[in-house]
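Visitor: For the sequence shown, the positions run 970 to 1325 when the numbering used here is used. Yeah, the Cβ is synthetic: ideal placement off N, Cα and C, and Gly gets one too. As the structure is a computational prediction, the values presented were derived from the model and not from experiment. Quick one: structure below, then a few questions.
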Amino acid sequence: GLLANTQALSWSLSFAIGMTLVLDWFLNPNQRKNYKRNKRWILDLSSSIAISSTLLCFGAFSLLQVRDSVKLLSSFIDIRHFLRVIGQVFGGYMLIIPNSSSFFDLILCALITLILIVSTIIFIRCFRPALIYFLSGIIFLFLFNYFLFLGDGSRHYGYYFLVIISSTWLALSNQDQQLRSSNYQNLFTKGNLFYFPRLLNICLTIHMVVGIHMVFNDFRLPYSSGKETAQYIQTKGWQDSPIFATRDVEVATVSGYLDREFYVPELKGFGSYAQWANRVTLDRTKTLDEVQVYLDRFPKVNKLLLLLSNRSSIKNLQPGESLYVDKIRVIADSKFENSFHDSEKFYIYWVERIVD
């Protein structure tokens, strides 16, 4: 899933740059004239198109390798989902994601986002390439978030910030080439309430404060305890043991560090990442029932390592304590709770088959 996200989100920047260059070629006769002064401009243009197309196809091929990790939108029109995607744009500006369960939060943030986008467009519209770059990048990201993957955390909606800040830089660094702007005054023009540089200062202040906090917090509290969990398993020499793990989306982190597949009940088989097209949603309280299904399916396995994420963990079972359920014995081994995200906390148990 990470490969798909990284490639697709990076494509937004590439797409924005590509659209800017293509439209500038057709809309800027002076630029086109200067380009054609090169005696081999046709060869240069052809080779550029060929290289770009090759890289595009390579990226598409990489995405297709993990296409089953993408959860497609079930309905073409979904108002709540639409507002949640707008919330991602809001996160790019303000580093805040609205509460998806509250329509009031979603609508309020959508209105603020609309003001921010309009302010941005009015500020950069005097330099056409910056406007094209901004609109192309934002639209690409928005469609990707809406139809393919909504994203989770600043590592995803941060791409909106990259588009915003780079388009602003383009506009400011080419002031001598800007088109003549209108003298008409409104809320978004210089000196007024929603003038973009004023709003941008607020956004950058938030980013700076949060950035400083997160840098110091990262030294104290890692984003995930997945690495620590994997290192513990390797230190104990258990990396080759049968491992039953759930929830697939969360334990994929540990799977990546160990470079191996786990048996995940959501897939009814082995896997190392969430395969949205093939997985089934399971009741977290039925985890031990799924373990019994696994043992019935593999009768030669008498002992296995049980890896559970936070919300799937067996509550009130501390390391060293054991629990008997039907024909199995569950022994709590270790817990790894040093994680910024609650979902990235992990718990290790040993499961033994009770032989009559």
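1. Is Leu971 helix, strand or coil by DSSP?
2. Can you tell me whether Lys1304 is buried or exposed? The criterion is at least 16 other CB atoms within 10 Å of its CB, across all chains shown.
3. Given a threshold of 16 other Cβ atoms within 10 Å of its Cβ, counted over all protein chains shown, does Arg1248 qualify as buried or as exposed?
4. Could you give the first and the last residue of the continuous beta strand (DSSP E) run that contains Leu1277?
5. Determine the direct distance from the alpha carbon of Tyr1128 to that of Thr1204, and round the result to whole angstroms.
6. The beta strand (DSSP E) with Lys1304 in it runs from where to where?
7. Taking the beta strand (DSSP E) that Glu1321 falls in, what are its first and last residues?
8. Could you name the residues that DSSP lists as bridge partners for Ser1214?
9. Tyr1318 and Leu1275: beta carbons closer than 8 Å?
10. Buried or exposed, going by whether 16 or more other CB atoms sit within 10 Å of the CB of Ser1308?
11. For Trp1207, I'd like the list of residues in its chain whose CB is within less than 7 Å of its CB, leaving aside the five on either flank, ordered along the chain.
12. With distances taken between CB atoms, is the gap from Arg1229 to Ser1281 smaller than 8 Å?
13. Have a look at Thr1254, Phe1051, Asn999 and Ser1193 and flag the residue whose alpha-carbon is nearest the alpha-carbon of His1310.
14. Specify the secondary structure class of Arg1009 as computed by DSSP and reduced to three states.
15. Within the continuous beta strand (DSSP E) that includes Leu1292, where are the two ends?
16. Per DSSP, Phe1239 is paired with what?
17. How is His1176 classed by DSSP in three states: helix, strand or coil?
18. Applying the 10 Å Cβ sphere with the 16-neighbour rule, what's the burial state of Thr1250?
19. Please state the DSSP three-state secondary structure of Phe965.
20. Buried or exposed: Gln1154, going by 16 or more other Cβ atoms within 10 Å of its Cβ?
Guide: Short version:
1. With a pLDDT of 42 at Leu971, under the threshold of 50, the modelled position of this residue cannot be trusted; read the value that follows with caution. Note: Leu971 maps to helix in three-state DSSP.
2. buried
3. buried
4. Lys1272 to Ser1278
5. 37 Å
6. Ile1297 to Phe1305
7. Phe1315 to Arg1322
8. Just to set this straight, residue 1214 is Ala in the shown sequence, not Ser. For Ala1214, which the question treats as bridged, DSSP gives the partners Leu1276.
9. yes
10. buried
11. Leu1274
12. no
13. Ser1193
14. coil
15. Ser1291 to Val1294
16. Tyr1232
17. helix
18. exposed
19. Since the displayed the chain opens at 970 and closes at 1325, residue 965 lies outside it and no answer follows.
20. exposed
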